[in-house]
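Below: one structure, written as structure tokens.
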Amino acid sequence: MNNSNGTPVNAIVTARFDPATGVLPLPNNLLLSGSRDLTLNPPVANPNNFGDPFVALSALDGWGLITPWSASFTAAIAPSSIRAGDNVRMFEVTRSNAGAVTGVVRELVGNVEFVAVLSSVDPTNRTLVIVPTVALKELTTYMAVLTNTITDTAGNDITPDTTYFIAQRTSPLIDAAGNSTDPLLPTSSAQALEPLRQLTNAQEAAAASAGVSRASIALSWAATTQGATIPLRALRSVAQPSQATIAQTPLNISVAGLPPIADIYIGVIGLPYYLQAPTGSSTAEQAVILSTFWKANPGAYVPPFNALGLDPTSTNVTFANPIPAATGTENVPLLITVPNANSGRSKPEAGWPVVIFGHGITRNRCDALAISATMASQGYVVVAMDHPLHGAVPDNPADACAPFYIENTPFAPIARERTFDVDLVNNATGAPGPDGLRDASGTHQINLASILTSRDNTRQAEADLSILTLTIPTMDLDGNGSPDLDGSRIA
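Take the sequence shown: its letters are residues 351 to 841, numbered as in this note's numbering.
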């Protein structure tokens with residue numbers, strides 16, 4: 351027996367594929383099997399361990415838009431044999447409601463829209479990764495196809511794994527009565543593999559329509575991307591302006607060592623909160639910020655998904671149930687700088703144009719002061735608010751925002767810092783447990799112990815910006831009852 355290049359085969363190397371034992375190329379739509387709410391359904395050891403990536407996957411309605419795809423092999427692969435667009439192909443495809451690929455929309459361009467290389471984290475060189483270099487479309491199915499000119503380091507072509515080889519058969523594995531059509535394949539195995547055979551044949555037929563020889567295919571698989579922006583777009587569609595209360599301080603930006611060309615205002619804005627906020631000061635009550643994430647109302651599916659008989663108890667936020675349930679309203683601090691007479695600028699008739707400032711992780715709203723002089727010189731107001739779990743920390747003498755700590759302002763009775771003043775870690779060492787000091791801004795933003803919480807801290811920030819943007823045109827800075835900002839000029 352010879353390889354595709356004519357050299358003798360001296361070993362068998364297979365593209366590993368055995369769904370029964372959890373050996374799958376990823377991402378993979380086979381992990382939608384058994385889902386009752388259109389989310390992924392991977393096997394997990396402990397469904398309450400939200401630090402387990404597979405538990406987090408269980409709440410997603412598809413795969414990531416930039417997630418690397420991967421396949422593993424039984425021997426080390428020769429890097430030079432991997433050729434994106436040749437023996438590693440990627441297609442955008444259509445699929446049926448049952449999940450079968452029904453056709454090719456287009457082929458992705460190798461080394462332009464994706465690259466194919468050996469995994470840098472597998473020292474055995476037995477894992478191939480397909481890395482999108484352009485984000486995939488959301489709620490779209492893609493198919494990967496590997497052909498047999500990929501070789502191991504000895505020059506042997508890759509071959510299909512046993513399960514995949516059986517699934518490549520073009521004739522049914524069972525007859526009309528449900529009995530195996532292969533005397534070497536038990537009926538129970540044939541019945542289990544027949545749905546997989548149908549899916550595999552659909553994939554290979556689609557690949558063949560795009561010019562791939564079916565005889566050359568060693569592995570194919572399909573995955574559908576998640577509705578990454580659907581919940582945020584759904585929230586934006588129902589968002590309304592909030593109430594913002596603003597007051598001028600006696601300070602100008604010279605307190606930050608800048609020319610005194612803008613005055614500093616503070617305020618608060620009411621925002622719907624979809625995470626859980628602490629209801630008390632005990633460690634247990636504060637720790638709620640570490641473990642909760644967005645949840646929808648149970649079974650609140652939107653059409654047409656509400657007619658599919660999906661799980662009525664599911665609270666996963668998905669394209670089918672896209673709006674998270676608010677747990678309350680948080681009055682969030684604002685910091686605003688407004689050009690004054692020293693700037694040489696005057697308020698336009700339509701109001702001041704606005705720059706919304708968003709700070710980085712572990713920073714806070716007062717970083718907006720860094721751009722305030724430049725913006726004031728151009729006639730712009732700067733509006734800044736903290737991301738969730740960020741804010742002023744008066745325990746830190748180096749925090750430039752400490753003078754604006756909301757509890758030391760007239761807004762103290764109605765607002766609190768977005769850090770919630772929690773004390774859950776030792777600030778010096780990072781070790782769990784209180785140290786008597788408020789945790790630094792952003793300490794808990796990235797939360798690997800609860801991956802969904804980490805995701806939703808960011809989604810909450812994005813939802814907050816939508817409300818802020820809608821509220822800016824209503825903001826009254828001078829208390830005369832009329833708005834002072836131009837809602838048509840927000841950057």
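Idealized CB from N, CA, C, for every residue including glycine.
Quantities reported herein were computed from a predicted structural model and do not represent experimental measurements.
Taking the straight line between their C-alpha atoms, what separation do you get for residue i and residue j?
i	j	result
Pro369	Gly453	24 Å
Ala361	Asn352	11 Å
Ser446	Trp644	30 Å
Ser846	Leu608	Absent from the structure is residue 846, since the part of the chain shown begins at 351 and ends at 841.
Leu380	Phe404	14 Å
Ser592	Leu818	8 Å
His737	Ala409	24 Å
Phe669	Phe400	21 Å
Val462	Ala557	20 Å
Ser604	Asn690	12 Å
Ala752	His709	16 Å
Thr537	Arg564	26 Å
Val704	Asn391	45 Å
Asp814	Glu767	15 Å
Val688	Glu680	25 Å
Val484	Arg519	34 Å
Gly505	Ser470	21 Å
Ala555	Ser566	13 Å
Asp402	Leu601	48 Å
Ala748	Asn714	13 Å
Leu546	Ala517	6 Å
Asn777	Thr599	31 Å
Leu382	Thr389	7 Å
Cys716	Lys697	23 Å
Val652	Asn671	6 Å
Quick check on DSSP: helix, strand or coil for residue i?
i	result
Met725	helix
Leu774	coil
Gln626	coil
Glu680	strand
Val455	strand
Ile764	coil
Phe923	Residue coverage of the chain in this structure runs from 351 to 841, which leaves residue 923 outside it and unanswerable.
Asp613	strand
Asn352	strand
Ile822	helix
Leu640	helix
Ile580	helix
Thr808	helix
Leu835	strand
Val467	strand
Val481	strand
Pro369	helix
For residue i versus residue j, is the C-beta distance shorter than 8 Å?
i	j	result
Ile416	Pro482	yes
Ile616	Leu549	no
Gly460	Ala428	no
Gly729	Leu835	no
Pro648	Thr629	no
Thr843	Leu523	The requested residue 843 does not occur in the structure, where the chain is confined to residues 351 to 841.
Ala494	Ile508	no
Thr474	Ala426	yes
Thr769	Val743	yes
Ile801	Ala395	no
Leu719	Ala606	yes
Arg788	Asp806	no
Thr444	Thr491	yes
Ile673	Ala612	no
Asp472	Val363	no
Ala675	Arg695	no
Ile614	Leu827	no
Excluding the five sequence neighbours on either side, which residues of its own chain have a C-beta within less than 8 Å of the C-beta of residue i, listed in chain order?
i	result
Pro377	Trp413, Gly414, Thr417, Trp419, Ala573
Leu468	Ile427, Pro429, Ile432, Asn475, Thr477, Leu478, Val479
Thr712	His740, Ala790, Ser791, Gly792, Thr793, Gln795
Asn398	Val405
Val588	Ile673
For residue i, I'd like the list of residues in its chain whose CB is within less than 7 Å of its CB, leaving aside the five on either flank, ordered along the chain.
i	result
Thr569	In the sequence under discussion, the amino acid at residue 569 is Leu, which differs from the Thr named in the question. Cβ neighbours of Leu569 beyond the five flanking positions: Ala365, Phe367, Pro375, Ala421, Leu496, Pro510, Tyr514.
Thr821	Pro591, Ser592, Ala594, Ile619
Val638	Gln626, Pro628
Glu488	Leu415, Thr575, Gln576, Gly577, Ala578, Thr579
Pro762	The sequence as given places Ala at residue 762; Pro does not occur at that position. So the list reads Ile756, once near-sequence residues are dropped.
Asn498	Ser354, Asp507, Ile508, Thr509, Ser566, Ala568
Who are the Cβ neighbours of residue i in its own chain at under 6 Å, not counting the five residues just before and after it?
i	result
Asp661	Arg386, Asp387
Ala552	Ala450, Val451
Ala799	Gly401
Asn758	none
Asp745	Leu787, Arg788
Exercise for review: Please specify which runs of the beta strand (DSSP E), each continuous and at least 3 residues long, are wholly inside the segment 492-563, giving them in chain order.
Suggested key: With a minimum length of 3 residues, the continuous beta strand (DSSP E) runs that stay inside the segment 492-563 are 508-510.
Check your understanding: Residue ranges of each alpha helix (DSSP H) run of no fewer than 4 residues wholly in the segment 373-448, ordered along the chain?
Key -> Runs found: 403-407.
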